[in-house]
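The next block holds one structure in the form of structure tokens; read it before the comments.
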Amino acid sequence: MDESKFYAYCLQGDVTAAYEYLRSIPDKSKKYQELESRYYHRFFGEKPMYRFKTEDPWIRKVLLIYYQYFTLVLTGKDVEEAESLLALSLEALLPDAHSPTDLDYLEDKLEVIYREKGYSFLGGVTAPFRGPYIWKTTERKKFTVELPHQTQEVTVYFLSNFIMQSWIHFSTFGEKFAGGWAKSEGLYYVNDRPRNKKTTFESSEFQVSYLKHEAQHLSDYSRFPNLSSKDLEYRAKLVELIYESKSIRLLEKFFYESKNDPTFPHPYSSFVIMKRLTQLAFGTDVIQEIDQWKTVDPDSIHEWAWNLYDEHTERLEASGDGIEGFI
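With the sequence shown counted from 1, adding 77 to any position gets you the working numbering.
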């Protein structure tokens, strides 16, 4: 089985397609038979079982509400209806809530209660679905990050002891997850990782795919405050390609996660990058299979990525409001 293809479906928010692909594999190994069983019981069985990393009954109720919401949206149910049900279910746990249909308001209420219980709570949307990040421990460290045409000083907050990591983690049983994010006050790094996903400060996964990617977001937040999520991801991924010595590592990742759907900023930005690089490398609009990319000179990838980044920056500067981009 092609695991990259399987998890790409999950990252695109389509667990049903992932499960159908898994079911289609003949003569599955024990590993994939067990994986199929796990996906069936979590997403398609009548009585899914969940593990909670807390004994607090109120927190467990909140987590269960989000798990049920994740299951609905990841199996193709109407997102607006699922969010309405999410809001009503959360409101039932917040008797003093005065705006039960406003999920941002409800999550602000949740954040206060979680803080009182000793947790940090970050609500909102990991496009295109809602789903909080909830953790216990935060440590910080400062870094100086080289970016195209500038240097960015950043504070990184290292987060650990999670009890929830939003819908990507849920959809892949922790195999995939948001590695971090950028906010105006600094960068956040998810330090809770499976053993095979651990990274060192010196690795390209940390230095390029996390630190430079997120530092670029931080720079763009102040430089182009109205920039869309799709454009933010497009620019940050180009920065990765500019600095990554083994470009095939990133090209393979972008290839498999690509999706021509602007509601998914990460997959869509990967699609746009792969489309534009295909035109430059092969003179066609048809994105080439990954083996073809192994024949492309990495220096050319770096140069093309830098040119695309500069072209995009020029368009943003010319627009005057930071909204116009590649879409």
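Every residue, glycine too, gets a C-beta built ideally from N, C-alpha and C.
Could you check how far apart the C-beta atoms of residue i and residue j are, in whole angstroms? I think they sit under 8 Å.
i	j	result
G90	F341	7 Å
S243	T203	5 Å
I325	H379	Rounded, the Cβ-Cβ distance is 12 Å, inconsistent with contact.
F147	F278	With a Cβ gap of about 32 Å, F147 and F278 do not count as contacting.
D116	K253	Just to set this straight, residue 116 is Tyr in the shown sequence, not Asp. Rounded, the Cβ-Cβ distance is 14 Å, inconsistent with contact.
Helix, strand or coil for residue i? Go by DSSP, reduced to three states.
i	result
V373	coil
K323	coil
T361	coil
K218	strand
E223	strand
F341	coil
Q110	helix
K105	coil
E366	coil
Could you give the distance in angstroms between the alpha-carbon of residue i and the alpha-carbon of residue j?
i	j	result
T249	E388	36 Å
A259	L304	14 Å
R128	L385	45 Å
R217	L171	32 Å
E230	E282	19 Å
S280	E317	13 Å
E262	F235	14 Å
A164	L183	7 Å
A382	L315	5 Å
K371	A159	42 Å
V349	Y311	8 Å
I240	Y266	15 Å
V93	P134	A small correction: the amino acid at residue 93 is Thr; Val does not occupy that position in the sequence shown. Each residue's alpha carbon lies about 31 Å from the other.
Q365	T355	7 Å
H118	M126	8 Å
Y86	M351	17 Å
A306	H290	In the sequence under discussion, the amino acid at residue 306 is Ser, which differs from the Ala named in the question. Using only the alpha carbons, I get a separation of about 13 Å.
F206	K154	12 Å
G256	Y96	24 Å
Stretch-stretch touch, CB-based, cutoff 8 Å, three pairs: the segment 193-201 with the segment 168-178: The segment 168-178 and the segment 193-201 do not touch, with fewer than three beta-carbon pairs separated by less than 8 Å.
4-residue-minimum alpha helix (DSSP H) runs that sit fully inside the segment 119-204, ordered along the chain: Those alpha helix (DSSP H) runs which fall completely within the segment 119-204 and span 4+ residues are 134-151, 156-169, 180-193.
Alpha helix (DSSP H) segments (min. 4 residues) lying fully within the segment 234-321: Qualifying alpha helix (DSSP H) stretches, in chain order: 243-248, 290-300, 306-320.
Cβ contact check for the segment 216-223 and the segment 185-196: 3 or more pairs under 8 Å: No contact exists between the segment 216-223 and the segment 185-196.
Segment contact flag, the segment 203-213 with the segment 139-153, C-beta cutoff 8 Å, min 3 pairs: Contact between the segment 203-213 and the segment 139-153 is present, with at least three C-beta pairs closer than 8 Å.
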